[in-house]
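Line by line, the protein sequences give chains A and B.
Per this note's numbering, the very first residue in the first sequence carries number 1; after that it's consecutive.
Per this note's numbering, the very first residue in the second sequence carries number 1001; after that it's consecutive.
First comes the structure, then the notes that go with it.
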Amino acid sequence: MAKLQLRNVKKSFGNVEIIKGVSADIADGEFVVIVGPSGCGKSTLLRMIAGLEAITSGEILIGDRVVNNLEPKDRDIAMVFQNYALYPHMSVRQNMAYGLKIRGLAKDDIETRVQRAAKILELGDLLARKPRELSGGQRQRVAMGRAIVREPSVFLFDEPLSNLDAKLRVQMRFEIQKLHHNLGTTSVYVTHDQVEAMTLAERMVVMSAGITEQIGSPAEVYQRPATRFVAGFIGSPAMNFLPGRADATGLTLADGGHLAVSVPAALAGRELVLGIRPEHLEVCAPQEALFTLQTEMREMLGADILIHGLFGKELLVARLSAAEHPAPGQALPLRALPDRLHWFDAASGARLEAA
Amino acid sequence: MEKRTQFPVGWLPYALVAPQLAITIVFFIWPAGQALWQSLLVQDAFGIHTEFVWFENFQVLFADPTYLESFRVTAVFATLVTSLGLGSALVLAAACDHVIRGARTYQTLIIWPYAVAPAIAAVLWTFMFNPTVGILAYGLEQIGYHWNHQLNGGQAMALIVISGLFKLIPYDFLFFLAGLQSIPKSLIEAAAIDGAGPVKRFLTISFPLLSPTSFFLLVVNLVYAFFDTFGIIDAATQGGPFRSTTVLVYKVFQDGFKGLDLGGSAAQSVVLMAIVISLTVVQFRYIERKVQY
Ligand SMILES: Nc1ncnc2c1ncn2[C@@H]1O[C@H](COP(=O)(O)OP(=O)(O)OP(=O)(O)O)[C@@H](O)[C@H]1O
Ligand SMILES: [Mg+2]
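Next up, the structure:
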């Protein structure tokens, strides 16, 4: 087991810079999820940690060793690939034993390790099968088995659940958590699925277009998103954004609409973006309302209902209890608690603190 | 379970396969039938007198030491051509799959010789190995090796093997390279993380996954060595010296057209046909079914 450090890691393909300087400290035994939209460079970053992709500049340390120039096999890592990458001509047992055999472990040592992994992952009955004779979920488990028999100091996962159906994904998510709880191995997990990120992560790294937007626990990232990008990316449905100019009476929007919101004194006179999560909006009396939403469409979720509507020209979403069901066209006065409001700089997108 | 869509059968399907059938009948079934019939006949050299002799031609054939010798020559030739062809093509393909810079140029260069007709390749090599004016023969002479394939049977064999390989290696190379490139990259990467070096990865992952390709090529190469090397031998050695390069196809030609023993030559053709049919059967039985993974 070991800690993992990234120090201003950069990567260019040709003269296109894909990773533009990522730094992160991952503690020994921590489970860190790298999350970001498709194409932002998550896999590239993971592959650089694995040694499958050269680092253009910066440093990667596993334990206390700089591993920049080490071969993948010398980095003491194991990786689970999105498409599992099981060796198709080998049985499940051979797949798991392959890495151990190459490392020259004794036969019975290999067998005990394989048996132990098979037991943890409930693969006992499948050891003699070929990968093509397994279901998606079973293949996924074999891929994890192949990683855990090696007892590496770092696990790397590249979207390991994205080929599974929704139900299996939830189940495997749970199993990965359990596995991490039992083994306590430092893990880096890449996904573009924010639910996966929120549920699995002890800490998450939110990336966009080759930079880290925020590093923090899921609760921190949700409650205090560091940038407008993070605010919009984490949370479903996405946060509502209202860009405008702050003054003494509130926020004046571009289309002339006015929001009677108490803008923190420090932010007066600036171009701002106000962010409010749909789930933090609530119905109130008209005189208390922050704004009035013209209901356009409703989406019933069961316990909750999503109300899509217009405030001036802005399309906004509110997540209300299913007891509310305003008819389309109806005006709905809504408010949010002052500490649920997020302020971002209109130009840079950086979070602005009220105090 | 019948999965294919079925249409009402009219005259159209027959019309569509008719040209193919006609070609097969005219260029294959008919000559094959002729050969079969001929192999049961004995004809005098002027074609005046013909006699039906049942299997006498075959009895004579298998009692003929020069025919058995030709089998041995063919076996040596086929083994050498096939193993060297497959081996070097595999090494080249693996290397080509490995290089990143200039891979295209390298591929193109390897594929070029395929465009050269085998007989021409044989003429080129014969010329280069010509004991009096050939550049390679001269080079060998310089390092103290005396080359004369017109006298030395082993050297003559080497010459036709080299000429045969000239076309075979690019062909095998193409298939191996395509096979290697169709192996998912993540498998190789997984093996690299599992600790396997390039050679180990090749031997334990790539090569086993190539086995269907290898088997297919093995059969194709054998068929090539057995049947398609007439031009090479005729251009390079004419079967000599002392029959040391008279492979089965070449002997068919020699006995039939030079020796005018049509019955014996036809019997040899029938034997060759039996060999190619059995190779094809093996091919269909195993390639189609026994895909390794
Ligand atoms: N070998 C390469 N050569 C050139 N560009 C590449 C290469 N590999 C990746 N890229 C580019 O780098 C960017 C990041 O790719 P990467 O695979 O890391 O994205 P990702 O965040 O993992 O996306 P996804 O969620 O879709 O897997 C993409 O724009 C991609 O086009
Ligand atoms: Mg990816």
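The C-beta atom is built at its ideal place from N, Cα and C for all residues, glycine as well.
Within its chain, find whatever has a CB closer than 7 Å to the CB of B/Asp1097; leave out the 5 residues flanking it on each side and keep chain order. Excluding sequence neighbours, B/Asp1097 sits near Leu1177, Leu1180 and Gln1181.
CB of A/Gln194 to nearest heavy atom of ligand 2: below 8 Å? In this structure, the C-beta of A/Gln194 stays at least 8 Å away from each heavy atom of ligand 2.
DSSP-derived helix/strand/coil call for A/Ile234: Reduced to three states, the DSSP call for A/Ile234 is coil.
Checking 9 Å against the spacing of the C-beta atoms, do A/Ile120 and A/Ile77 come in under that value? Not in contact: A/Ile120 and A/Ile77 (Cβ atoms no closer than 9 Å).
Output the boundary residues of the alpha helix (DSSP H) element that contains A/Asn182. Here the alpha helix (DSSP H) through A/Asn182 covers Ala166 to Leu183.
Coarse secondary structure for A/Lys130, derived from DSSP in three states: Coil.
Closer than 8 Å: A/Val190 CB and nearest ligand 2 heavy atom: In this structure, ligand 2 has a non-hydrogen atom nearer than 8 Å to the beta-carbon of A/Val190.
CB of A/Ser38 to nearest heavy atom of ligand 1: below 8 Å? A/Ser38: yes, Cβ under 8 Å from ligand 1.
Would you kindly work out how many angstroms separate the C-alpha atoms of A/Met207 and A/Thr292, rounded to a whole number? Using only the alpha carbons, I get a separation of about 34 Å.
Below 9 Å between beta carbons: does that hold for A/Glu213 and A/Val230? Yes; because the gap between Cβ atoms is below 9 Å, this pair is in contact.
Let's test the definition: count the other Cβ atoms within 10 Å of the Cβ of B/Met1001 and tell me whether it reaches 16, buried, or not, exposed. Bear in mind that a pLDDT of 48 at B/Met1001, under 50, signals an unreliable position, so the model cannot answer this.
Within its chain, find whatever has a CB closer than 7 Å to the CB of A/Ala226; leave out the 5 residues flanking it on each side and keep chain order. The residues are Glu213, Gln214 and Arg351.
One question on the structure: do B/Gly1134 and B/Trp1147 come within less than 9 Å of each other, judged by their Cβ atoms? In contact: B/Gly1134 and B/Trp1147 (Cβ atoms closer than 9 Å).
With burial defined as no fewer than 16 other Cβ atoms inside 10 Å of the residue's Cβ, what is the status of B/Leu1068: buried or exposed? B/Leu1068 should be labelled exposed.
Neighbourhood of B/Asp1255 by C-beta, 6 Å cutoff - its chain only, sequence neighbours within 5 removed: Excluding residues within five positions, the ones whose Cβ falls inside 6 Å are Asp1261, Gly1264 and Ser1265.
What is the residue span of the beta strand (DSSP E) that A/Ser23 lies within? Counting along the chain, the beta strand (DSSP E) containing A/Ser23 begins and ends at Val16 to Ile26.
Which residues does DSSP pair with A/Leu316 in a beta bridge? In the DSSP output, where bridge partners are listed per residue, A/Leu316 has A/Gly309.
Does the Cβ of A/Ser43 have 16 or more other Cβ atoms within 10 Å, making it buried, or fewer, making it exposed? With at least 16 other beta carbons inside 10 angstroms of its own, A/Ser43 counts as buried.
Can you check the stretch 1207-1252 of chain B for any alpha helix (DSSP H) of at least 4 residues that lies completely inside it and give the ranges in chain order? Entirely contained in the stretch 1207-1252 of chain B, the alpha helix (DSSP H) runs reaching 4 residues are, in chain order, 1211-1227 and 1230-1236.
Only counting the same chain, and skipping five residues up and downstream in sequence, which positions put a Cβ closer than 6 Å to that of A/Pro333? Cys284, Pro286, Ala289 and Thr292.
Give the interface partners of B/Leu1187 over in chain A, defined as CB-CB distance under 7 Å, in chain order. Per Cβ cutoff of 7 Å: Ala85 and Tyr87.
What are the partner residues of A/Ile211, as DSSP defines its beta bridges? Per DSSP, A/Ser208.
For B/Glu1189, the nearest candidate out of B/Phe1175, B/Ser1206 and B/Pro1113 (CA to CA): By alpha-carbon distance to B/Glu1189, the top candidate from B/Phe1175, B/Ser1206 and B/Pro1113 is B/Ser1206.
How about B/Ser1214: is its Cβ closer than 8 Å to a heavy atom in ligand 1? The answer is no for B/Ser1214.
Taking 8 Å as the cut-off, is the beta-carbon of B/Glu1189 closer than that to any non-hydrogen atom of ligand 2? Every heavy atom of ligand 2 is 8 Å or more from the Cβ of B/Glu1189, so no.
The stretch 205-219 of chain A: which residues have C-beta closer than 9 Å to a C-beta of chain B, in chain order? Within the stretch 205-219 of chain A, no residue has a Cβ that lies closer than 9 Å to any Cβ of chain B.
For chain B, check one thing: does any of its Cβ atoms lie closer than 9 Å to the Cβ of A/Met79? Yes, because at least one Cβ of chain B sits closer than 9 Å to the Cβ of A/Met79.
A/Ala350 in three-state terms, based on DSSP: Three-state result, A/Ala350: strand.
Ligand 1 heavy atom lying under 8 Å from the CB of A/Ser43: At least one heavy atom of ligand 1 sits closer than 8 Å to the Cβ of A/Ser43.
Given B/Thr1229, which residues of its chain have a CB within under 6 Å of its CB, disregarding the five upstream and five downstream residues? Only residues of its own chain outside the window of five on either side were considered, and among them Gly1164 have a CB closer than 6 Å to the CB of B/Thr1229, listed in chain order.
Just mark B/Leu1168 as buried or exposed, buried being the case when its beta carbon has 16 or more other beta carbons within 10 Å. It counts as buried.
Ordered along the chain, which non-local residues of its own chain (more than five positions away) have a Cβ less than 7 Å from that of A/Ala254? Excluding sequence neighbours, A/Ala254 sits near Pro243 and Gly244.
Along chain A, which residues have their Cβ under 8 Å away from the Cβ of B/Leu1209? What B/Leu1209 touches in chain A: Pro88 and His89.
Own chain partners of A/Ala27 with C-beta closer than 6 Å, once the 5 adjacent residues on each side are dropped: Result list for A/Ala27: Lys3, in chain order.
Tell me which residues share the same chain as B/Pro1118 and place their Cβ nearer than 6 Å to its Cβ, disregarding the 5 neighbours each side in the sequence. The beta carbon of B/Pro1118 lies closer than 6 Å to those of Lys1167, Gly1231 and Ile1232 in the same chain, with the five residues before and after it left out.
List, in chain order, every chain B residue whose beta-carbon is nearer than 7 Å to that of A/Arg103. Those within 7 Å of A/Arg103 in chain B are Gly1195.
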